Amino acid sequence: MAALTLGMALLFGLLVVDSGRLYLEQRKLQRVVDMAALEAAGQSAVCSGPGPQAAALAQASASRNGFTLGEGRTLATACGTLLTGVDSLRRFTVDPARNDAIRVIAQHSVPTSIAAGVQALVRGNTLPSTTTLTAQAVAATPKPPLAVLRIRTTLANIDSRKSALLNALLDPLGGRVQLDALGWQGLANTDINLLKYLDQLAINVSVQAGNYDELLGKQLSATQLIQAAIDVFKQGSNTAIDVATNLGKLTVATDDNRVLKLNEILDIQAGTAKAGLDTSLQLLQLVQGVILLADKYNAASVELPFNALGLVSGKVQIKVIEPPRISAIGNPQTDDISVQTAQIRTLVSLNTPVVDTLGGIVTEVLKLAAPLTNILNNLLHLNLLGTVQSLTCALGVPCKVSDIEALSKAARIDISIDTVKATSRVSAYRCSPDKQLTASTDSAAATVTIGKIDNPATFFSTGSGTVTPIPLIDIGTNICTSVLGLFPKCATRVPWVGGGVGIKPDPLKVLSRHENLLFSGANLPEIGKPAPYLSMQPINVVQSLSTTIDTLPLQVYKPQNGDVLGEILSVASSVLTGVTDILKPMIKNLLSPLVDPLLNALLKVLGIDLNTVEVSANLTCSSSRAQLVL
24 MAALTLGMAL
34 LFGLLVVDSG
44 RLYLEQRKLQ
54 RVVDMAALEA
64 AGQSAVCSGP
74 GPQAAALAQA
84 SASRNGFTLG
94 EGRTLATACG
104 TLLTGVDSLR
114 RFTVDPARND
124 AIRVIAQHSV
134 PTSIAAGVQA
144 LVRGNTLPST
154 TTLTAQAVAA
164 TPKPPLAVLR
174 IRTTLANIDS
184 RKSALLNALL
194 DPLGGRVQLD
204 ALGWQGLANT
214 DINLLKYLDQ
224 LAINVSVQAG
234 NYDELLGKQL
244 SATQLIQAAI
254 DVFKQGSNTA
264 IDVATNLGKL
274 TVATDDNRVL
284 KLNEILDIQA
294 GTAKAGLDTS
304 LQLLQLVQGV
314 ILLADKYNAA
324 SVELPFNALG
334 LVSGKVQIKV
344 IEPPRISAIG
354 NPQTDDISVQ
364 TAQIRTLVSL
374 NTPVVDTLGG
384 IVTEVLKLAA
394 PLTNILNNLL
404 HLNLLGTVQS
414 LTCALGVPCK
424 VSDIEALSKA
434 ARIDISIDTV
444 KATSRVSAYR
454 CSPDKQLTAS
464 TDSAAATVTI
474 GKIDNPATFF
484 STGSGTVTPI
494 PLIDIGTNIC
504 TSVLGLFPKC
514 ATRVPWVGGG
524 VGIKPDPLKV
534 LSRHENLLFS
544 GANLPEIGKP
554 APYLSMQPIN
564 VVQSLSTTID
574 TLPLQVYKPQ
584 NGDVLGEILS
594 VASSVLTGVT
604 DILKPMIKNL
614 LSPLVDPLLN
624 ALLKVLGIDL
634 NTVEVSANLT
644 CSSSRAQLVL
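Counting from 24, one number per residue, gives the positions in the sequence shown under this note's numbering.
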């Protein structure tokens, strides 16, 4: 019994020693592959193309750690990426063109263990002389910090007026669509995952999965860009399917062949890791960006419905100079990460009421004749002898007189808005001791001009068309005769010889304002998490434009070319008091209702907010060293 016990003790002792030998060999082999994978990943090695080769670095590391190839020892190296499955587990996927992660597998043949030999004898198998140990390690290459920046206007609530304008923006793309306010509001309330969108777009347009650089630069149509979003939402809940249905209505209206590139509205730096694309965009902004990008390549200006501004008659034209860049992703160490709103020129044209039908205007215009005659003689040397009723013209001899009339037709008033894009760019960041990011932000600027623009095409192409005063009263001349001021007879009236009375306020310049927006703490989440928006200190542009309209100056202008008026003539304001009291309320009542629709509806639909701008940011700081991940 004692001998049996001693024998069993020796056997178990031998098994422990033998198992320990195999365990130590396995640990030694694991250490070899761990160090080899870390060294290759740490030097950003590649498996194809120029650069340090992963296989050579792994073999050199293994050799330094006592693992020499040959004599039952092998080492295999592969490059690829890490993908997270639906079970939330990471898996290594081989891709020789990518070096996001590097896998090293080593095999080493060692003498067979006693346990394996006993098992083989019991089963009647051939006793193997060696056992092959296998170890593998996957190391991720060092990741630079990654930042996401987004910009938007305060277009949060879509009413019927804004939805009509959004529908009208689609007209130049090949069709008409009538998506109601509720449908557009659904797009505004929905976010789309950028990574899912890009992957779906790649499938739709036959671009290799993961080749985002090619996808962003590929020539596509507006329909293809919107269809990819539809396909993403078709895979979701009932609410997502409703969103897909509304997007489907937009594709009906975008049946055109214009060539677009997604990188004009999304700035994603080359080589950005897939994880950096796992972020969200407001769906309305994406659709808005696609529409404005398509309208940029429209040769003519886009005409919008005037009734969408709540007014009866007139004309609204826009020209997209530069579409918005709604999101930018990149390495804040090396990349210029910047976003911007759209740059658009807008021209609103409307007609005044017929001036000579305004109550009391005829009487007040007649009162201008006497004082203006002397002024025009002195300044323009017209050699006027007075008015028909003056003594110099009462002797029956033909004399040249001033002949002043209120316009008998509607005058055209043009309001031009030349906007300069709002911009925001990452100017500073840090990862420790706590994350911070600074976005250097400049608000949109604009020049608002009220006057008469005779060549809108020049304004749309250069932004600097000639603006002349709006004529309301025509200062003409005539040759008349009368006897003692009675029964005057006049020849054909010559209009605009003495110029005219009109309005042309100085342009309202909304200057760009600068502010550094500081993101930290809860305002600077990791990429993939919702990011709150910070806004610049708002200003009241509506009040500024309203003040400009309230103080419209009525002036006398020199003649230039027909009813096109020239420079201002110096005339005492008291001379024009009577006509000013009648004409200014008319102009104010005409223009004031335009202020809110222009600034708070039209421009915001176009992705522009002169009052403020909103920016959000994400920042992910990774380790600067390679790490074992599998």
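For glycine and all other residues, C-beta sits at the position ideal for the given N, C-alpha and C. No experiment lies behind these values; they were computed from the predicted model shown.
Of the residues the options, which one's Cα is nearest the Cα of residue i?
i	options	result
residue 513	521, 503, 520	503
residue 628	204, 124, 585, 517	204
residue 424	381, 616, 111, 517	517
residue 583	603, 545, 494	494
residue 342	452, 475, 357, 326	326
residue 559	536, 217, 121	536
residue 87	647, 384, 55, 70	55
residue 565	608, 617, 581	617
residue 134	114, 156, 600, 113	156
residue 548	496, 511, 457, 165	457
residue 357	317, 295, 501, 403	295
Grab me the residues of residue i's own chain with a C-beta within less than 7 Å of its C-beta, minus the 5 sequence neighbours each way, in chain order.
i	result
residue 57	160, 651
residue 312	288, 346, 347, 349
residue 251	220, 223, 224, 227
residue 532	470
residue 25	none
residue 262	none
residue 255	215, 219, 220, 223
Have a look at residue i and residue j and give me their C-alpha separation to the nearest angstrom.
i	j	result
residue 32	residue 45	20 Å
residue 637	residue 348	13 Å
residue 534	residue 235	38 Å
residue 621	residue 611	15 Å
residue 554	residue 238	26 Å
residue 437	residue 613	12 Å
residue 373	residue 477	13 Å
residue 498	residue 430	10 Å
residue 152	residue 99	24 Å
residue 463	residue 557	12 Å
residue 131	residue 83	17 Å
residue 285	residue 291	10 Å
residue 491	residue 443	23 Å
residue 530	residue 515	38 Å
residue 244	residue 283	6 Å
residue 381	residue 332	26 Å
residue 267	residue 67	42 Å
residue 297	residue 230	15 Å
residue 574	residue 167	56 Å
residue 454	residue 644	6 Å
Compute the beta-carbon to beta-carbon distance between residue i and residue j, rounded to the nearest angstrom, for a pair I have assumed lies under 8 Å.
i	j	result
residue 657	residue 308	The shown model of the chain, from 24 to 653, leaves out residue 657, and the question about it has no answer.
residue 80	residue 63	4 Å
residue 214	residue 270	Actually they are not in contact, since the Cβ atoms of residue 214 and residue 270 sit about 14 Å apart, beyond 8 Å.
residue 124	residue 104	6 Å
residue 631	residue 364	6 Å
residue 474	residue 527	5 Å
residue 391	residue 520	That pair is no contact at about 15 Å.
Under three-state DSSP, which class holds residue i?
i	result
residue 465	strand
residue 599	helix
residue 163	strand
residue 607	helix
residue 247	helix
residue 287	helix
residue 546	helix
residue 427	strand
residue 226	helix
residue 522	coil
residue 252	helix
residue 88	coil
residue 633	coil
residue 214	strand
residue 640	strand
residue 447	strand
Short of 6 Å in beta carbon distance, which residues of its chain neighbour residue i, apart from the five on each side in sequence? Order them along the chain.
i	result
residue 170	355, 360, 449, 642
residue 101	117, 126
residue 452	355, 460
residue 173	350, 639
residue 587	491
Can you name, in chain order, every residue of its own chain whose Cβ lies under 8 Å from the Cβ of residue i, other than the five neighbours on each side?
i	result
residue 420	504
residue 389	427
residue 293	236
How about residue i: is its C-beta nearer than 8 Å to some C-beta of chain B?
i	result
residue 395	Chain labels in this structure do not include chain B; a single protein chain is all it has.
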